[in-house]
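Notes follow the structure.
Numbering (my numbering), first residue to last: 788 to 1244.
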């Protein structure tokens, strides 16, 4: 026993020294929070103490994105959110800075850092989410991340040339149009129809789409339509331009995400060129499901960063606010709230990094769609965990800050906004209930029951 203690002591000392060095580095960098748990664990850590999947290139990329967010987004985010819109110039400015196109292939106008991988993607989303305003994030930076990939993966060269470069450069906006008044998480139940005209050159589209992020500003819609019978086998994807006759768009008033430009879209006898089909007819369901993986990963990362922001705001307020003759942080109950938030956020970070590691591995091994299908269940469960953590941390930070967090101004304004936006993260991209079921089914925990097995008992 004494030998075991003696052998582990140098490791413990080395770990403590690395943590101390990381804390000192965070204090020395004015752009990093000096408080523990307010940044991902590896921020400020020396290279020898970081996991091998975080290189100096990742650190440099993080610093680049953080500087842009600190200087060009955070100072204005309150104004934009209250106004319900973001200046068009932000997209172009972000592209010129190498931020807007950082996650896209150079052949289509992207500006990825050298060696771009899933951890660059994680850093990009996490750093942007520090602004603490989901509507700004999704309307400007994220919406085309779920609408453009199907075109790049399965669209014709003509479709790629039509939208890829203009969208990636920030000149045009693109939205994903899947959800309907009667079909949100139930994609297979969508009712928007696309009927081929007798001449075979056009599809006539009729239907409605709801909760379409960035839809007010969008020039292109990656649209899920029904081209055959019921179920997943009749779903296709069409690229529809917003200026096509018969397309009408109106703004929806949302609880949060005030700057998201969320739209309700009606298609009334819209004639869409048959050549605008993305991939094969009646084969649109799988691409939608695979793009949901990335959408949910973005949701997981943003939810955990929002939770971390609530934690950070709560710590800062507790260190400054005095009640009953002492600081809030001096009350044991407040300290326990902080440690509970930290416990959940840090565990989620490890889970997110595990998923990113698996995504990197799938790129190396070329597993592609097969790995994408496997990841569906894992990401579904991770989404449930991170959104529940976000909801918990928003509430606890609000409890720490009291009445300050009920105001859309002053010290509590960030927590107030994040608390107001919790529900869209828990519901959007798949509700907790649907995600839990997807995890059970996707990971093989449940075999479908007696009916699927054909049991007559």
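Beta carbons are placed, not taken as given, at the ideal position from N, Cα and C, and that holds for glycine. Only a predicted model underlies this, so the values are computations on that prediction, with no experimental measurement involved.
According to the Cβ coordinates, are residue i and residue j closer than 8 angstroms?
| i | j | result |
| --- | --- | --- |
| residue 1176 | residue 1131 | yes |
| residue 1181 | residue 1206 | yes |
| residue 923 | residue 867 | yes |
| residue 996 | residue 967 | yes |
| residue 1054 | residue 1016 | no |
| residue 934 | residue 963 | yes |
| residue 1173 | residue 1135 | yes |
| residue 1083 | residue 1167 | yes |
| residue 825 | residue 1095 | yes |
| residue 1116 | residue 1129 | no |
| residue 1293 | residue 865 | An answer regarding residue 1293 cannot be provided, because it is not within the stretch 788 to 1244 covered by the chain. |
| residue 896 | residue 951 | yes |
| residue 946 | residue 954 | no |
| residue 818 | residue 857 | yes |
| residue 1169 | residue 1209 | no |
| residue 1036 | residue 1050 | yes |
| residue 1102 | residue 822 | yes |
| residue 936 | residue 1119 | no |
| residue 849 | residue 910 | yes |
Quick test of your reading: residue i and residue j, contact by CB under 8 angstroms. State the CB separation rounded to the nearest angstrom.
| i | j | result |
| --- | --- | --- |
| residue 1027 | residue 1088 | With 8 angstroms as the limit, residue 1027 and residue 1088 do not qualify as a contact, their Cβ atoms being about 29 angstroms apart. |
| residue 988 | residue 1056 | Actually they are not in contact, since the Cβ atoms of residue 988 and residue 1056 sit about 15 angstroms apart, beyond 8 angstroms. |
| residue 1074 | residue 1066 | 6 angstroms |
| residue 1080 | residue 1162 | 5 angstroms |
| residue 1072 | residue 1012 | Wrong, their Cβ atoms sit about 11 angstroms apart, outside the cutoff. |
| residue 1192 | residue 1183 | In fact, because the Cβ distance is near 10 angstroms, the residues do not count as touching under 8 angstroms. |
| residue 1213 | residue 1219 | 6 angstroms |
| residue 921 | residue 1044 | 5 angstroms |
| residue 906 | residue 845 | 6 angstroms |
Comparing C-alpha positions only, which one of the options sits nearest to residue i?
| i | options | result |
| --- | --- | --- |
| residue 999 | 882, 1134, 971 | 971 |
| residue 1069 | 995, 983, 1030 | 983 |
| residue 975 | 1037, 1024, 946, 929 | 1024 |
| residue 854 | 936, 1067, 915, 1192 | 915 |
| residue 1041 | 1110, 892, 1211, 829 | 1211 |
| residue 1031 | 1060, 1124, 1072 | 1060 |
| residue 1002 | 1014, 1034, 986 | 1034 |
| residue 1062 | 942, 1164, 973, 1072 | 942 |
| residue 898 | 1036, 1187, 979, 851 | 851 |
| residue 1165 | 831, 1229, 1133 | 1229 |
| residue 877 | 843, 841, 927, 1049 | 927 |
| residue 1009 | 1052, 863, 1019 | 1052 |
| residue 834 | 843, 828, 827 | 843 |
| residue 875 | 1119, 959, 821, 1114 | 959 |
| residue 1251 | 1186, 891, 1018, 839 | The chain is shown from 788 up to 1244; residue 1251 falls before or after that span and cannot be answered. |
| residue 1114 | 1188, 1046, 1150, 1097 | 1188 |
| residue 882 | 840, 957, 1227 | 957 |
| residue 929 | 1048, 904, 884 | 1048 |
| residue 1090 | 1077, 1110, 1133 | 1133 |
| residue 894 | 1232, 1076, 1007, 944 | 944 |
| residue 1018 | 1039, 1029, 986, 980 | 980 |
| residue 892 | 859, 1171, 940, 884 | 940 |
Assign residue i to one of three DSSP states: helix, strand, or coil.
| i | result |
| --- | --- |
| residue 790 | Residue confidence is low: residue 790 scores 48 on pLDDT, short of 50, so the model does not pin down where it sits. Its coordinate-derived value is still stated next. Three-state DSSP puts residue 790 in a helix. |
| residue 980 | strand |
| residue 1069 | coil |
| residue 908 | helix |
| residue 1079 | helix |
| residue 859 | helix |
| residue 999 | strand |
| residue 1192 | helix |
| residue 1055 | strand |
| residue 1213 | helix |
| residue 1036 | strand |
| residue 1226 | helix |
| residue 1024 | strand |
| residue 1010 | strand |
| residue 1091 | helix |
| residue 1235 | coil |
| residue 735 | A query on residue 735 cannot be resolved here, the shown segment of the chain reaching from 788 to 1244 and no further. |
| residue 1046 | coil |
| residue 985 | coil |
| residue 899 | coil |
Length at least 4, wholly inside the stretch 1093-1181: the alpha helix (DSSP H) runs in chain order: 1119-1152
Runs of alpha helix (DSSP H) wholly within the stretch 808-896 (minimum 4 residues, chain order): 843-855, 864-870, 876-883
Report the residue ranges of all beta strand (DSSP E) runs contained in full by the stretch 927-977; include only those spanning at least 3 residues, in chain order. 961-964
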